[in-house]
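Using our numbering, you'd call the opening residue of the sequence shown number 143 and step up by one each time. The structure under discussion appears below in the form of structure tokens.
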Amino acid sequence: MYGPPVDLSYKDISSLSGALFKVPRTGIRPLKTNSENKYLSRSLRLNNNSITEVSGLHYIVNHFLAEPLNLGWLDLSFNKITCIDPMRLFTFSSLRELRVLYFHGNSIWNLSDVDKLGALPLLHTITLHGNAIEKDKGYRYHVISALPQLKSMDFSAVTNEERVLAKVWQRPRLPPVVQCEGSMGVTSIRT
143 MYGPPVDLSY KDISSLSGAL FKVPRTGIRP LKTNSENKYL SRSLRLNNNS
193 ITEVSGLHYI VNHFLAEPLN LGWLDLSFNK ITCIDPMRLF TFSSLRELRV
243 LYFHGNSIWN LSDVDKLGAL PLLHTITLHG NAIEKDKGYR YHVISALPQL
293 KSMDFSAVTN EERVLAKVWQ RPRLPPVVQC EGSMGVTSIR T
């Protein structure tokens with residue numbers, strides 16, 4: 143039986159290595175530990191800190207969780223993270239159980255970074271709003287296209303219509319066809 147999330151939010155953590163020296167918050171439900179004093183939880187909250195990159199996350203997960211391979215929910219919202227790098231997050235094989243990932247309120251600027259999360263087969267919920275990528279044209283469709291298994295994005299359900307539109311949006315874009323009239327008749331030219 144798993145306990146509540148290991149909560150390292152609002153701990154003034156600027157680098158993940160700094161989290162190693164922090165004591166998780168306690169809530170109404172007490173944290174459960176094993177004989178090695180590691181927490182019996184599938185959830186880790188590192189939100190509302192000043193974390194700028196996710197390198198070394200595997201050390202944090204291994205340090206705090208009794209079963210790090212069962213990490214199912216990770217909250218990295220409201221930090222200063224600029225890029226998503228799953229190789230720095232953890233190894234893909236180790237994140238296989240991750241289902242919920244909160245990245246909202248950061249400084250992620252490259253929309254193609256989301257593509258890297260496609261290797262997380264069980265990921266069904268993601269938040270990315272409040273990042274620079276939110277302003278990119280086709281932001282929501284790009285994310286849904288890159289992560290077709292999503293059920294929820296930015297705290298809003300992913301609809302079947304959005305899935306269809308994401309597939310259309312994903313198709314390679316050919317330049318528009320321009321028809322020209324000349325002495326040889328009408329010809330179509332891609333510009």
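Even glycine gets a Cβ: it sits at the ideal position worked out from N, Cα and C. These numbers were taken from a predicted model, which means no experiment stands behind them.
Label residue i either buried or exposed according to how many other C-beta atoms from any shown protein chain fall within 10 Å of its C-beta, with 16 as the threshold for buried.
{"i": "T269", "result": "buried"}
{"i": "M143", "result": "exposed"}
{"i": "K222", "result": "exposed"}
{"i": "G247", "result": "buried"}
{"i": "F345", "result": "Any question about residue 345 goes unanswered here, given that the chain covers just 143 to 333."}
{"i": "P146", "result": "buried"}
{"i": "L150", "result": "buried"}
{"i": "F297", "result": "exposed"}
{"i": "I170", "result": "exposed"}
{"i": "S287", "result": "buried"}
{"i": "L253", "result": "buried"}
{"i": "N191", "result": "buried"}
{"i": "L243", "result": "buried"}
{"i": "N273", "result": "buried"}
{"i": "A161", "result": "buried"}
{"i": "Y181", "result": "buried"}
{"i": "V310", "result": "exposed"}
{"i": "D154", "result": "exposed"}
{"i": "F245", "result": "buried"}
{"i": "F220", "result": "buried"}
{"i": "N189", "result": "buried"}
{"i": "D255", "result": "buried"}
{"i": "L211", "result": "exposed"}
{"i": "P166", "result": "buried"}
For residue i, report the span of its alpha helix (DSSP H) as first-last.
{"i": "L307", "result": "302–312"}
{"i": "V242", "result": "Segment 242–244 is the beta strand (DSSP E) holding V242; no alpha helix (DSSP H) there."}
{"i": "I286", "result": "281–288"}
{"i": "S159", "result": "158–161"}
Since residue i sits in a beta bridge, which residues does DSSP pair it with?
{"i": "S298", "result": "M295"}
{"i": "V148", "result": "L186"}
{"i": "I268", "result": "L243, M295"}
TODO: Enumerate, from N- to C-terminal direction, the unbroken alpha helix (DSSP H) stretches of 4 or more residues contained entirely within the segment 166–223.
DONE: 199–206
- [ ] Flag this pair as touching only if the segment 179–194 and the segment 213–222 have three or more C-beta atom pairs under 8 Å; answer yes or no.
- [x] yes
TODO: Specify whether the segment 304–314 and the segment 247–265 touch according to this definition: at least 3 beta carbon pairs, one from each stretch, less than 8 Å apart.
DONE: no
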